[in-house]
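Following: one structure in structure tokens, then a few remarks.
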Amino acid sequence: MKQDVISPGVAAAAPRDLCALEFSNRFVRELPGDPDTRNVSRAVSDACYTRVDPTPVPAPRLLGWSDTVAATLGIARPLDACGPAAEALTGNRVLPGMQPYAARYGGHQFGQWAGQLGDGRAITLGEVINAAGRSYELQLKGAGPTPYSRRADGRAVLRSSVREFMCSEAMHDLGVPTTRALSLTATGAAVVRDLFYDGNPAPEPGAVVCRVAPSFVRFGNFQLHAAQGEGALLKRLADHVIAAHFPELLQDGGTPAAIYGRWFQEICRRTALMVNDWMRVGFVHGVMNTDNMSILGLTVDYGPYGWLEGYDPQWTPNTTDASGRRYCYANQPQIAQWNLWQLANALYGLTEDKAPLEEGLVLFADTYESAWQKTLATKLGFAASSTVDAGLNAGLFSLLEATETDYTLFFRLLANVPVDDNAAALDDHALVAPLQPAFYNEGAVSTTHRKRVATWLRDYIAHTQREATPSSQRIARMNAVNPKYVLRNYLAHLAIEALAAGDASVMERTMRVLQRPYDEQPGCDDLAARRPEWARHKAGCSALSCSS
Ligand code: AMP
Ligand code: MG
């Protein structure tokens, strides 16, 4: 199930020192850059990127490292936390062959066209080709200002960097298409942020994450070219992205317009599958602006994201979104389609035909719908091809909403509910008992609610018995799609607090356990526990601002 956006390198080659990497930089070689290289905030036109070097920081120190991303790139874990690798990973040392740049893009933010945005605090160092011949972009987030920084500082704070570092890796291990993170590095410089947007800015430790993906191109890169009437650039960027990242589309031949149409449809298909995975694991991105939508269908830009705890379709982790709830859990599929529609408008300049674009949007809906039906069936333990009874489905989600019930725990524990012939004889208490830890207020579950849950369970058991799947197969099927461990908001918060106090062990243990999110891991149940009460209203544990 895990999608190998990044796959292990060919094992034969011995891991190299990060500083010995060779860079290919196809994006920079094939596409036009900004002739103006002044690093001041400004509008840029007729370019796909601006060359800009990271701004050095006082004291680079490696805090986190992903061995799996490093293995993909064929590089060894640095021995010295403050050595040359840490310097390269904060941007203090630009290695030979790197051609750092900030990409130029625009986007719709909260439904409104925002014009030029661009990499305001991300700087791509270069592209590396691994032993398997695959190309990866290495990008620093928080490495200093660029011409796209507007009035902001180009920096990132430790807390948001830890969240991005941990979540990129956790999402990958959950089998969700995502950009990755190689490293987390402290800068030794303070960054001032107004965490609560209440006029009380305070210094916080700064950090840099080194993100890795085949490409960080977003819907917004195409949108800006289209909006600025840069038709030739729009075509060059599309041709580059197709040749570099969708080469299979060129094999089937056809007119350029037909290829652009098939390409858009493939983006729609991938985006639908990505959002289906988000919905399956209870991930809420929080800021699905079109500049945060990857052209490769990867989850990108981990900011004010969160994980559903008590099931609430209207829940959004982003405080900026609290009033409109545009980016709440339940809206994600429809927002993804709206974003694709904006991309389609930009790509119309290439196809000059609405039909293939409209087909793409329909394909999105069909792909999502059938993926979600399969997801739902397997989450409940039925064969992927089963159609889940509409009443069973609707009944379930209204029950989860009626009494605060943990989304992750409910589905995981449902596998423990007995479905054999004896189950029918159990009273309400006994039947519901395996699900008890999923209720946020276990002691206060009313008799009426328990009865409703038991009634639903009897219906569910009847459906399960009709399918007659052997019990062990049913449980294995459920446990393969219903994670036990997800990066609950409070777990990230605990890791951040410990790290800020100089202790990396909490982050490291959490990440190690989250590498096998579907496995039972003895001694690690604390990381599978529902959110503790202290975290209910705590900033960083329940809601997050974009201020990071
Ligand atoms: P985001 O909501 O993180 O996707 O950011 C939206 C836009 O604001 C992008 O163009 C970012 O590069 C830019 N941005 C966000 N934070 C900063 C910052 N601290 N400094 C410069 N630009 C930023
Ligand atoms: Mg962004």
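Under our numbering, think of the first position of the sequence shown as 490, with each following residue one higher. For each residue, glycine too, the CB sits at the ideal point set by N, CA and C.
Discussion item. What does the alpha-carbon distance come out to for the pair E626 and A873?
Written reply: Cα to Cα, the separation comes out at about 35 Å.
Item to complete: Report the rounded CA-to-CA distance for M782 versus N828, giving the unit in angstroms.
Response: 8 Å
Worksheet item: Which whole-angstrom value describes the C-beta separation of A574 and L551, a residue pair presumed to lie in contact below a C-beta threshold of 8 Å?
Response: 7 Å
Practice prompt. Name the residue from L980, L510 and S534 whose alpha carbon lies nearest to the alpha carbon of Y637.
Written response: S534
Discussion item. At 4 residues or longer, what runs of the alpha helix (DSSP H) sit wholly inside the region 857-912?
Written reply: 879-891 and 896-903
Worksheet item: Counting Cβ pairs closer than 8 Å, one from the region 653-667 and one from the region 769-787, do we hit at least three?
Response: Judged by Cβ distances under 8 Å, the region 653-667 makes contact with the region 769-787, as three or more pairs qualify.
Worksheet item: What does a CB cutoff of less than 8 Å around G609 pick up in its chain, not counting 5 residues either side in sequence?
Response: Taken in chain order, the residues that qualify are A591, P634, T635, Y637, S638, R639, A641 and G643.
Item to complete: Please go through the same chain and pick out, in chain order, the residues whose beta-carbon is closer than 7 Å to the beta-carbon of L507, but skip the five residues on each side of it.
Response: I564, P567, A574 and A577
Fill in: Sequence-distant residues of its chain with Cβ nearer than 6 Å to L920 (five each side left out)
Hits under 6 Å: A943 and L946.
Worksheet entry | Sequence-distant residues of the same chain with beta carbon closer than 7 Å to L852, five excluded per side | Q754, C757 and R758
Discussion item. Can you determine whether any heavy atom of the ligand AMP sits closer than 7 Å to the C-beta of D556, and answer yes or no?
Written reply: no
Item to complete: May I ask you to check if the CB of Y637 is nearer than 7 Å to at least one heavy atom of the ligand AMP?
Response: yes
Worksheet item: With distances taken from CA atoms, which of R540, P524 and L584 is nearest F512?
Response: L584
Discussion item. With distance defined between alpha-carbon atoms, name the residue in A933, H982 and D1014 nearest to P972.
Written reply: Ranking A933, H982 and D1014 by Cα distance to P972 puts D1014 first.
Item to complete: Look at I748 and L739 and say whether their C-beta atoms are less than 8 Å apart.
Response: yes
Discussion item. Is the beta carbon of L787 closer than 8 Å to that of A860?
Written reply: no
Worksheet item: Under a Cβ-count criterion, where at least 16 other Cβ atoms within 10 Å of its own Cβ denotes burial, should S960 be classed as buried or exposed?
Response: exposed
Discussion item. Is V879 a contact residue of the ligand AMP, with contact defined as CB to any heavy atom under 7 Å?
Written reply: Reading the sequence as shown, one finds Ala at residue 879 and not Val. Incorrect: A879 has no Cβ contact closer than 7 Å to the ligand AMP.
Worksheet entry | I824 to F886 span [Cα, whole Å] | 21 Å
Worksheet entry | Expected contact under 8 Å - CB spacing of N710 and F599 to nearest Å | Contact between N710 and F599 does not hold, since their C-beta atoms are separated by about 19 Å, which reaches or exceeds 8 Å.
Worksheet item: When burial is assigned at 16 or more other CB atoms within 10 Å of the CB, is Q821 buried or exposed?
Response: Label assigned to Q821: buried.
Worksheet entry | Whole-angstrom distance between F685 and A1024, CA atom to CA atom | 16 Å
Worksheet item: With distances taken between CB atoms, is the gap from F705 to Q628 smaller than 8 Å?
Response: It is a contact, given that the beta carbons lie within the stated cut-off.
Worksheet item: For L673, does the three-state DSSP call read helix, strand or coil?
Response: L673: strand per DSSP, three-state reduction.
Worksheet entry | Alpha-carbon to alpha-carbon, N619 and D855 | 35 Å
Worksheet item: Hey, is N828 close to the ligand MG, as in C-beta under 7 Å from one of its heavy atoms?
Response: Outside the cutoff, so no.
Worksheet entry | the region 994-1012 touching the region 930-937, judged by at least three CB pairs closer than 8 Å | Because the criterion of three Cβ pairs below 8 Å is not met, the region 994-1012 and the region 930-937 do not touch.
Worksheet entry | Cβ shell of C1030 (< 6 Å), same chain only, five flanking positions each side left out | N978, Y979, H982 and A1024
Fill in: Backbone secondary structure at A702 - three-state DSSP
strand
Worksheet item: Just to confirm, are D523 and T539 a CB contact at a threshold of 8 Å?
Response: yes
Worksheet item: How would you label P547, buried or exposed, when you count the other beta carbons within 10 angstroms and need 16 or more for buried?
Response: exposed
Fill in: Residue nearest to Y1007 in terms of C-alpha spacing, selected from K1027, L865 and V970
Among K1027, L865 and V970, the Cα nearest to that of Y1007 belongs to V970.
Worksheet item: Does DSSP put E841 in a helix, in a strand, or in coil?
Response: coil
Worksheet item: Where L902 and V995 are concerned, what is the direct C-alpha to C-alpha distance, given to the nearest angstrom?
Response: C-alpha separation (whole angstroms): 26 Å.
Worksheet item: Going by the beta-carbon positions, is the gap between R682 and P694 smaller than 8 Å?
Response: no
Discussion item. Using only the alpha-carbon positions, how far apart do N905 and I964 sit?
Written reply: 8 Å
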